[in-house]
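The structure appears right after this line, and notes come after that.
Protein chains: 2
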Amino acid sequence: MTTEPAPSPELTPPASPFAPGNNWRGLGLRQQVARLLVVRASGHASDGQRRYPRWELTNADLKRLLEGGVGGVILLGGSAQELALRCSQLQSWAGQPLLLCADVEEGVGQRFEGASWLVPPLAIGRLLQPQPPGPQGAAAAPSTGPRAGATAPAESFPAARAEPGAQCLDPEPQERPPAAAAEDLAERYGRCTGRQARLLGLNWVLGPVCDVNNNPANPVINVRAWGEDPATASTLAAAFLRGAQAEGVLCCAKHFPGHGDTSSDSHLELPRLPHSRARLEAVELPPFRAAIAAGVASVMTAHLLLEALDGERPATLSPAVLDGLLRRDLGFEGLIVTDALVMEAITAHHGPGEAALLAFKAGADLILMPADADAAIDALVAAIDSGALPRQRLEASLERRERALAAVGPAGGQPPAPSPENDPAWGGLSGDPNSELVSPAEAALARELVDLSLEINGPALWQAPSSPPQALPPGPGLNLIRLDSSLACPFLPAMAPALVRPAGAGYQSCLIDSRSPSPWSGDPQAPLALERLPGGPVLLQLFVRGNPFRGSAGGEEPWPAVVSQLLAKGRLAALAVYGSPYLWESLRPLLPDSLPAAYCPGQMPLAQALLLDRLGLAAAALEGGFTD
Amino acid sequence: MTTEPAPSPELTPPASPFAPGNNWRGLGLRQQVARLLVVRASGHASDGQRRYPRWELTNADLKRLLEGGVGGVILLGGSAQELALRCSQLQSWAGQPLLLCADVEEGVGQRFEGASWLVPPLAIGRLLQPQPPGPQGAAAAPSTGPRAGATAPAESFPAARAEPGAQCLDPEPQERPPAAAAEDLAERYGRCTGRQARLLGLNWVLGPVCDVNNNPANPVINVRAWGEDPATASTLAAAFLRGAQAEGVLCCAKHFPGHGDTSSDSHLELPRLPHSRARLEAVELPPFRAAIAAGVASVMTAHLLLEALDGERPATLSPAVLDGLLRRDLGFEGLIVTDALVMEAITAHHGPGEAALLAFKAGADLILMPADADAAIDALVAAIDSGALPRQRLEASLERRERALAAVGPAGGQPPAPSPENDPAWGGLSGDPNSELVSPAEAALARELVDLSLEINGPALWQAPSSPPQALPPGPGLNLIRLDSSLACPFLPAMAPALVRPAGAGYQSCLIDSRSPSPWSGDPQAPLALERLPGGPVLLQLFVRGNPFRGSAGGEEPWPAVVSQLLAKGRLAALAVYGSPYLWESLRPLLPDSLPAAYCPGQMPLAQALLLDRLGLAAAALEGGFTD
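Chains L and Y are the protein sequences, given in the same order.
With numbering that gives the first Met the number 0, letter number 309 in the first sequence gets 308, and the count goes up by one each step, no holes.
With numbering that gives the first Met the number 0, letter number 624 in the second sequence gets 623, and the count goes up by one each step, no holes.
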């Protein structure tokens with residue numbers, strides 16, 4: 000079935016210092032081709048500050064490529080202020096309006112500190128789930144929310160999903176919002192992301208993730224998805240992109256035709272999917288159809304092999320998937336952009352020029368992070384010169400890029416100044432709400448999303464109003480934290496609530512990550528080697544979610560056995576899970592009602608603070624050294 | 000003996016947008032008093048980005064205090080670009096020229112990423128040492144360097160201090176510079192620091208440390224000092240400040256009258272020193288006399304109790320030390336600034352208003368980081384109103400502040416833009432060398448300082464030119480790293496050479512810090528519990544130096560026993576020590592000549608890269624993930 004994409008009425012072009020028009024027509028072939036590349040840069044100013052020098056171009060190479068006509072840059076690293084300076088710098092190096100983009104899927108603050116860092120999308124998706132998972136499912140209330148239009152989920156979520164125990168004891172039970180309210184949250188999420196991205200100088204948001212996360216072991220999508228079922232993912236991804244594009248940025252539906260049902264990481268290898276076309280129509284494609292119907296400006300391809308569509312080539316390089324399925328069958332007329340061509344799934348099989356040429360031939364308009372930008376340009380130029388690639392194909396891509404840019408205007412921004420009136424968020428220059436990086440409404444949204452997505456094991460101790468909240472027995476105790484890596488961990492600054500609050504209660508922090516001495520005993524029944532850790536009651540805090548390059552979603556670690564071990568010894572004082580709902584759901588059945596425990600999909604300090612509030616571990620005077 | 004301070008001929012006032020003059024005379028008393036405060040701010044833009052919220056004022060409080068006349072801010076946190084934006088912001092909130100300062104003792108890049116991060120001062124001091132310490136002392140060459148004037152060390156350092164083994168095998172033996180060259184290095188160190196500080200908007204560098212580090216267990220001074228003997232510390236501290244003040248910033252000699260011989264940390268408690276006045280004259284005071292003779296603009300007081308001078312009050316609050324010793328005996332006419340009054344050594348004994356008043360009465364001009372700025376102002380205003388503090392005393396301090404500011408001009412800067420021509424350092428706007436954050440000469444200085452201060456155990460394997468350098472046996476192996484804290488560790492970004500290079504050789508990183516599961520067996524003869532760590536040959540990398548708030552200089556950990564344990568098992572493949580010379584000197588005698596091992600006083604990535612080069616572990620393709 001072909002769906003004609005609806006034009007987006009919300010993309011209003013701001014004034015541009017460049018004459019947009021068809022100005023590519025006067026360029027030489029090499030510069031025309033270069034426009035279709037999107038290269039990678041650090042958001043930091045100097046080469047020495049690059050966090051990933053293997054992937055991030057030096058300033059000398061960046062300037063040379065931009066002067067040579069390269070038309071886009073993807074940015075990672077640096078604070079919001081640094082990003083704003085960087086966007087202006089890059090735009091000033093280019094002789095044409097750039098596409099500047101970033102993977103700001105969970106708010107701009109996920110990548111650029113100082114902006115709003117929101118809970119992952121699946122937090123909202125779980126509010127809309129047809130059936131609440133886990134033990135509380137049986138007690139779920141009947142549907143109460145209204146249907147939310149053609150793309151709404153088949154069944155609305157129950158009005159209250161909190162488990163019965165906590166619900167009747169909690170003095171302020173959380174009302175789960177109706178379906179329309181969840182959709183509204185997703186749209187505000189998009190507006191917040193789009194407005195802040197635009198303010199800092201980006202004009203292209205690489206979201207929403209349109210993958211349906213129906214495989215809890217997925218190491219790379221996981222909580223980045225908007226839903227675990229097609230209807231939820233469709234409704235919310237479309238709402239997000241309507242909100243973001245209304246703020247004057249382009250969005251990008253990814254990863255076509257759907258990366259949700261994989262258990263391997265395409266950053267490391269090429270996943271294969273055996274699904275039939277019928278199954279794709281039922282599960283993977285609906286969110287992309289919804290995004291196209293909502294006017295999404297671009298679609299990003301996935302590096303995965305769909306045996307039913309093309310047994311030879313991954314979607315990114317497959318004419319059957321891009322020209323056939325996406326352009327012809329789904330009727331997408333916007334920009335098709337590859338996922339990063341430097342990923343192992345591609346580079347293990349194709350050289351840098353060959354990969355770019357194959358992607359372009361398959362139907363891609365923009366080439367993201369070619370392994371070698373010059374080689375990619377060379378290969379495309381040679382193919383057009385030789386007639387192997389029709390010149391009209393190039394012109395069609397340039398035309399699409401021009402149209403997209405005309406809708407949003409060129410990139411580039413100025414760093415907003417902090418406003419002392421608008422604590423704790425950055426604010427704007429006096430009185431101009433448009434220059435505030437984080438508006439009061441956005442700060443409230445970030446908090447509301449954490450509050451709504453918190454799940455609590457009951458009963459909570461804060462119900463006793465006569466005594467101060469106190470979830471933890473008196474210390475000395477052990478604050479045992481599991482995380483992927485403690486090095487440069489964005490959610491765990493030295494003063495993070497997950498560190499500071501337990502310390503205030505006398506609990507000594509111990510961090511377990513991939514680089515720590517082993518905490519494991521080798522005994523499957525009692526996996527934690529307790530003699531290697533500080534003694535006393537244990538606050539267990541697990542930061543687990545699917546992250547690229549980790550090779551897993553963390554599900555292979557023996558946390559259920561550890562919880563049982565600590566309970567058997569009478570040492571488990573409280574439990575906090577940040578990130579993966581699947582880990583939380585595997586631990587919930589083990590917990591007695593009396594154990595203070597909670598889950599939040601977000602891992603950022605705000606999530607820690609609000610979750611620990613709910614466990615009765617309130618903010619203490621913030622400790623810590625100040626300087627030398 | 001009284002030394003009249005020489006006027007500094009190198010402080011040339013830049014053009015100021017403010018009329019300097021005696022403009023404090025027209026102000027009300029409260030505003031006059033407020034000028035003498037220096038409060039603490041984060042270098043980050045937003046309140047939510049503060050790393051130490053207990054110490055760093057919110058933007059609302061900062062703006063209120065600056066509008067109320069507070070005259071100085073000490074900054075910590077953020078990158079060089081963020082600092083520049085922040086300095087301009089703070090200056091714009093104030094109605095008068097501010098003093099903006101930071102503890103940039105080891106280059107501006109020590110605190111603000113993107114600027115030059117230099118080896119700690121003691122690296123240069125050790126080049127000038129009368130007797131090289133440790134086993135290589137006996138083999139030291141005779142003195143060859145010229146005397147360096149009145150403040151030169153009593154004996155010049157030997158021309159080559161590298162141990163004989165490595166020296167004769169090294170194809171490029173390091174020539175140790177003569178005394179004058181070491182002094183020149185210290186002056187260039189100061190110029191680099193002063194120029195970059197000024198460019199970013201600071202006008203006050205809180206250095207040089209003038210303490211003589213003659214106590215290897217000193218937990219807080221250590222490698223921050225310029226020397227382990229009075230002559231070296233005097234020569235080099237004076238050279239540093241001449242260089243820095245010539246670039247248009249004020250310097251600060253600290254911590255008067257000398258914090259080098261303490262084994263406790265005044266951040267945590269009040270150290271007591273039993274030294275006689277004669278001993279102070281011989282050891283502690285010479286560097287301060289030298290700094291005053293060189294025209295240092297300010298002196299910072301120490302929070303320590305000198306029983307011979309004042310048995311009741313710490314130096315910061317003692318009229319005998321400040322008015323008596325510093326002003327009268329040493330003849331210092333510049334600004335006296337307290338060390339931070341929020342430190343436990345003060346707050347454990349005095350309230351915030353009382354501490355500020357006592358310091359001022361004792362002779363301080365500027366009050367750094369009062370525990371409560373409003374209370375400090377209240378107390379000083381009340382004391383003047385009541386006549387308990389003479390108004391002339393206030394006016395003398397205001398006059399000194401005015402004179403100092405007139406010499407350097409107000410603070411505030413603009414972020415330099417990166418120059419792609421000047422890789423890998425930040426460069427300036429095209430063609431203007433004054434706007435480069437890191438000049439080519441400064442980048443070369445940072446490298447030269449590391450090269451000169453590297454110490455190598457021999458023989459090195461790079462002497463075999465026919466085969467590629469390879470210090471490590473083939474992996475899998477263990478890269479065992481000791482550090483204070485892996486959280487937000489500035490010298491260990493995820494792509495740090497100390498992590499990436501061993502990984503390229505098949506060595507798995509394991510990090511031991513204060514928050515890791517215990518790696519200790521409890522057996523003093525074999526302290527490392529090897530079964531908790533990955534197997535294979537071991538590259539041991541120890542990042543150890545005195546750091547405030549750690550309570551020790553790391554000397555209590557059993558690293559000599561670990562080295563013996565690994566050697567006995569045949570598992571020690573190589574050793575790197577970054578930071579403390581005392582740890583290195585305790586390990587050197589245990590090492591066979593054949594073991595690749597090296598020491599650098601610096602811990603930053605540049606030090607890691609050059610040290611690992613010397614161990615034959617050359618840069619490999621930088622690995623690592625790029626994005627989601």
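Virtual Cβ for every residue (Gly too), placed ideally from N, Cα, C.
In terms of residue numbering, what span does the beta strand (DSSP E) encompassing residue i cover?
i, result
"Q540 of chain Y", "V537 to V543"
"Q507 of chain Y", "Y506 to I511"
"R39 of chain L", "L36 to S41"
"V576 of chain L", "L571 to G578"
"S297 of chain L", "S297 to T300"
Closer than 6 Å by C-beta to residue i: which residues in its own chain qualify, once you throw out the five before and the five after it? Chain order, please.
i, result
"S465 of chain L", "Any reading at S465 of chain L needs caution, since the residue's pLDDT is 44, under 50, leaving its predicted position unreliable; the model's value is listed next. Closer than 6 Å at Cβ, skipping near neighbours: no residue."
"A18 of chain Y", "Note that A18 of chain Y scores a pLDDT of 46, beneath 50, so its modelled location is shaky and nothing firm can be said."
"A381 of chain Y", "none"
"G77 of chain L", "G42 and H43"
"E112 of chain L", "S78"
Quick check: residue i and residue j, are their CB atoms within less than 7 Å of each other?
i, j, result
"G189 of chain Y", "G242 of chain Y", "yes"
"T338 of chain Y", "H302 of chain Y", "The sequence given here has Asp at residue 338 of chain Y, not Thr. Yes, Cβ-Cβ distance for D338 of chain Y and H302 of chain Y is below 7 Å."
"L325 of chain L", "R271 of chain L", "no"
"F542 of chain L", "Q607 of chain L", "no"
"A573 of chain L", "A470 of chain L", "yes"
"A361 of chain L", "L308 of chain L", "no"
"L365 of chain Y", "L334 of chain Y", "yes"
"P369 of chain Y", "A363 of chain Y", "no"
"E105 of chain L", "L121 of chain L", "no"
"V282 of chain L", "F331 of chain L", "no"
"S517 of chain L", "S485 of chain Y", "no"
"G476 of chain Y", "Y506 of chain Y", "yes"
"P313 of chain L", "L269 of chain L", "yes"
"D210 of chain Y", "G257 of chain Y", "yes"
"G68 of chain Y", "R24 of chain Y", "no"
"N213 of chain Y", "D260 of chain Y", "yes"
Could you spell out where the alpha helix (DSSP H) holding residue i opens and where it closes?
i, result
"R481 of chain L", "Careful: R481 of chain L lies outside any alpha helix (DSSP H), inside the beta strand (DSSP E) at G476 to R481."
"A314 of chain Y", "Note, A314 of chain Y: premise wrong, no alpha helix (DSSP H); not H, not E."
"A252 of chain Y", "Per DSSP, A252 of chain Y belongs to no alpha helix (DSSP H); it is in the beta strand (DSSP E), C251 to F255."
"A44 of chain Y", "Neither: A44 of chain Y is in no alpha helix (DSSP H) and is coded neither H nor E."
"A245 of chain Y", "P229 to A245"
Sorted by chain position, which residues of the same chain lie with C-beta nearer than 7 Å to residue i's C-beta, five sequence neighbours on each side aside?
i, result
"L610 of chain Y", "L453, A575, A597 and C599"
"E55 of chain Y", "R39, A40, S41 and R49"
"E81 of chain Y", "G42, H43 and A44"
"L356 of chain L", "A378, L379 and A382"
Measure the beta-carbon distance from residue i to residue j and round it to whole angstroms, keeping in mind my assumption that it falls under 8 Å.
i, j, result
"A410 of chain Y", "L99 of chain Y", "4 Å"
"L444 of chain L", "L479 of chain L", "About 32 Å; that fails the 8 Å criterion."
"L199 of chain L", "C86 of chain L", "6 Å"
"A238 of chain Y", "A290 of chain Y", "Not really, about 10 Å apart at Cβ, beyond 8 Å."
"Q31 of chain Y", "L393 of chain Y", "6 Å"
"L448 of chain Y", "L184 of chain Y", "7 Å"
"P207 of chain L", "L240 of chain L", "6 Å"
I'd like the list of long-range same chain contacts for residue i, defined as Cβ closer than 8 Å, with 5 residues on each side in sequence excluded.
i, result
"Q715 of chain Y", "Since the first and last residues shown for chain Y are 0 and 627, residue 715 of chain Y lies out of range."
* To do: At 3 residues or longer, and completely inside the stretch 581–626 of chain L: list those beta strand (DSSP E) runs for me, N to C.
  => Within the stretch 581–626 of chain L, the complete beta strand (DSSP E) runs of at least 3 residues are 596–599.
* Go through the stretch 358–395 of chain Y residue by residue and report every complete run of the alpha helix (DSSP H) that reaches 4 residues or more, in order. => 372–384
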